[in-house]
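K.L.:
In the working numbering, the protein residues as written are 199 to 440.
All C-beta atoms, glycine included, are put in the ideal place defined by N, C-alpha and C.
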Amino acid sequence: MTRRVRDNPVALARLTGAFYLYIIVAGIFAEAFVRGTLVNSGDAAATAANITGAESLWRIGLTAELFMLAADIFVALLLYELLKPVSRRLALLGAGFHLVSTAIAGFKSVLLLAPLMLLGGGDYLQAFGQQQIEAATLFAIKLHGQTYDISLFAFGISCLFKGYLIYRSGFLPRVLGALIVLAGLCYVANSVLSILSPAFASGLFPWIMLPCLVGEAGLTFWLLIAGLNKETWMARAEVQRA
Numbered sequence: 199m200t201r202r203v204r205d206n207p208v209a210l211a212r213l214t215g216a217f218y219l220y221i222i223v224a225g226i227f228a229e230a231f232v233r234g235t236l237v238n239s240g241d242a243a244a245t246a247a248n249i250t251g252a253e254s255l256w257r258i259g260l261t262a263e264l265f266m267l268a269a270d271i272f273v274a275l276l277l278y279e280l281l282k283p284v285s286r287r288l289a290l291l292g293a294g295f296h297l298v299s300t301a302i303a304g305f306k307s308v309l310l311l312a313p314l315m316l317l318g319g320g321d322y323l324q325a326f327g328q329q330q331i332e333a334a335t336l337f338a339i340k341l342h343g344q345t346y347d348i349s350l351f352a353f354g355i356s357c358l359f360k361g362y363l364i365y366r367s368g369f370l371p372r373v374l375g376a377l378i379v380l381a382g383l384c385y386v387a388n389s390v391l392s393i394l395s396p397a398f399a400s401g402l403f404p405w406i407m408l409p410c411l412v413g414e415a416g417l418t419f420w421l422l423i424a425g426l427n428k429e430t431w432m433a434r435a436e437v438q439r440a
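#1: How is the alpha helix (DSSP H) around Ile348 delimited, first residue to last?
#2: For Pro207 and Pro283, what's the separation of their Cα atoms in angstroms?
#3: Using a Cβ-Cβ cutoff of less than 6 Å, which residues in the same chain neighbour Asn248 once the five nearest sequence positions on both sides are dropped?
#4: Can you check whether the CB of Ser307 is closer than 8 Å to the CB of Glu263?
#5: Given a cut-off of 8 Å, decide if Leu316 and Ala334 are closer than it, judged by their beta-carbon atoms.
#6: On the three-state DSSP scale, how would you describe Val308?
#7: Would you say Arg212 and Gly425 are within 8 Å of each other, going by their C-beta atoms?
#8: Count Cβ pairs between the region 390–401 and the region 317–329 that sit closer than 8 Å; are there 3 or more?
#9: If contacts are defined as beta-carbon pairs under 8 Å, then Gly215 and Thr418 qualify, I think. What distance do you get, rounded to the angstrom?
#10: Enumerate in chain order the residues of its own chain whose CB-to-CB distance from Gly234 is below 8 Å, with the five nearest sequence positions on each side excluded.
#11: Can you round the beta-carbon distance between Leu210 and Leu314 to whole angstroms, since I take them to be within the 8 Å contact cut?
#12: If you scan the region 256–320 from start to end, which runs of the beta strand (DSSP E) of 3 or more residues do you find wholly inside it?
#13: Which one of Gln329, Val437, Phe305 and Tyr346 has the shortest CA to CA distance from Gly245?
#14: Could you give the DSSP three-state label for Ser395: helix, strand or coil?
#15: Buried or exposed: where does Gly327 fall if 16 or more other Cβ atoms within 10 Å of its Cβ makes it buried?
#16: Go to Asn248, then tell me how far its alpha helix (DSSP H) extends in each direction, as first and last residue.
#17: CB-CB under 7 Å to Ala252, same chain, minus the five flanking residues each way: which ones, in chain order?
#18: Identify whether Gly388 lies in helix, strand or coil by the three-state DSSP scheme.
#19: Please report the straight-line C-alpha distance between Leu219 and Thr345, rounded to a whole angstrom.
#20: Measure the alpha-carbon distance for Phe295 versus Leu394 and round it to whole angstroms.
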């Protein structure tokens, strides 16, 4: 891949932006239009009824998340290739934390299968009452959210490394680097506060995530439309190889 990046880093930057755009769009769809419409965090019975009545929508949301995992791996590896001319070690750290985040996100996606299994009416569930099944369904969904916060902690740390590299790169706007660093700080703060003080974290949400959306959307569209400064990227790559 390294030789291909050297030949056309702009095309690879745009490919990175395309994967990133899918992650943003699919993430908003799964959170706002699937779980946001089907999950009632204070009513297990209503949540179970909603999922049972819109099982296809729930499955579509889960499928979208599976493709998000694949896209996220590509983004982690492509950003490593694009940013390693600035610092190979820091780019590797950024990619490492990003992939840890993706692995945790993979586990949280498994938790979304639990409602389908619990509400599927298998014979092995006859030992449980309906209220127990409904409570377990909502528990799995809430655990999915907590696991997501943990994955965002690792992703936030990766953003700190990547934002710094973007800021120092010269081939991407410094403001994007600063915004990605800010996004990383917000991700880390939200994850830590959700453990230390859930009520306080709930009061900050969703406002604490707005810088994350601005930073990641800004980087996404810059990569997708403008790519990067090829001459500066090539010069940095040559210096690193020397």
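P.N.:
With the given structure in hand:
#1: Here residue 348 refers to the residue found at position 150 when the sequence shown is read from its first residue. Where Ile348 is concerned, the enclosing alpha helix (DSSP H) stretches over Gln328 to Ser367.
#2: By 1-based counting over the sequence shown, the position of residue 207 is 9. By 1-based counting over the sequence shown, the position of residue 283 is 85. Across the structure, Pro207 and Pro283 are spaced so that their CA atoms are roughly 11 Å apart.
#3: Against the sequence shown, residue 248 aligns to sequence position 50. Counting only Cβ-Cβ distances below 6 Å, and skipping sequence neighbours, we find Leu236.
#4: Taking the first residue of the sequence shown as 1, we reach residue 263 at position 65. Taking the first residue of the sequence shown as 1, we reach residue 307 at position 109. Yes. Within cutoff.
#5: Position 136 of the sequence shown holds residue 334. Position 118 of the sequence shown holds residue 316. Contact flag set, yes.
#6: Locating residue 308 in the sequence shown gives position 110, counting from the first residue. In this structure, Val308 counts as helix in the three-state DSSP scheme.
#7: Here residue 212 corresponds to residue number 14 of the sequence shown, with the count starting at 1. Here residue 425 corresponds to residue number 227 of the sequence shown, with the count starting at 1. Taking 8 Å as the Cβ cut-off, Arg212 and Gly425 qualify as a contacting pair.
#8: no
#9: By 1-based counting over the sequence shown, the position of residue 215 is 17. By 1-based counting over the sequence shown, the position of residue 418 is 220. With a Cβ gap of about 5 Å, Gly215 and Thr418 count as contacting.
#10: Taking the sequence shown and counting its residues from 1, one reaches residue 234 at position 36. Here the set comprises nothing.
#11: One-based indexing of the sequence shown puts residue 210 at position 12. One-based indexing of the sequence shown puts residue 314 at position 116. Contact flag wrong, Cβ pair sits at about 37 Å.
#12: none
#13: Along the sequence shown, read from residue 1 onward, the residue named residue 245 stands at position 47. A small correction: the amino acid at residue 245 is Thr; Gly does not occupy that position in the sequence shown. Nearest C-alpha to Thr245: Gln329.
#14: The residue labelled residue 395 in the question sits at position 197 within the sequence shown. Three-state result, Ser395: coil.
#15: As a working mapping, residue 327 is identified with position 129 in the sequence shown. Gly327 should be labelled exposed.
#16: Position 50 of the sequence shown, counted from the first residue, corresponds to residue 248. Per DSSP, Asn248 belongs to the alpha helix (DSSP H) from Ala242 to Gly251.
#17: Taking the sequence shown and counting its residues from 1, the one referred to as residue 252 is at position 54. Excluding positions up to five away in sequence, the list reads Leu236.
#18: In the sequence shown, the residue the question calls residue 388 occupies position 190. The question names Gly, but residue 388 is Asn in the sequence shown. Asn388 falls in the helix class under three-state DSSP.
#19: Taking the sequence shown and counting its residues from 1, the one referred to as residue 219 is at position 21. Taking the sequence shown and counting its residues from 1, the one referred to as residue 345 is at position 147. For Leu219 and Thr345, the distance between alpha carbons rounds to 23 Å.
#20: Position 97 of the sequence shown, counted from the start, is the residue given in the question as residue 295. Position 196 of the sequence shown, counted from the start, is the residue given in the question as residue 394. If you take the alpha carbons of Phe295 and Leu394, they lie about 22 Å apart.
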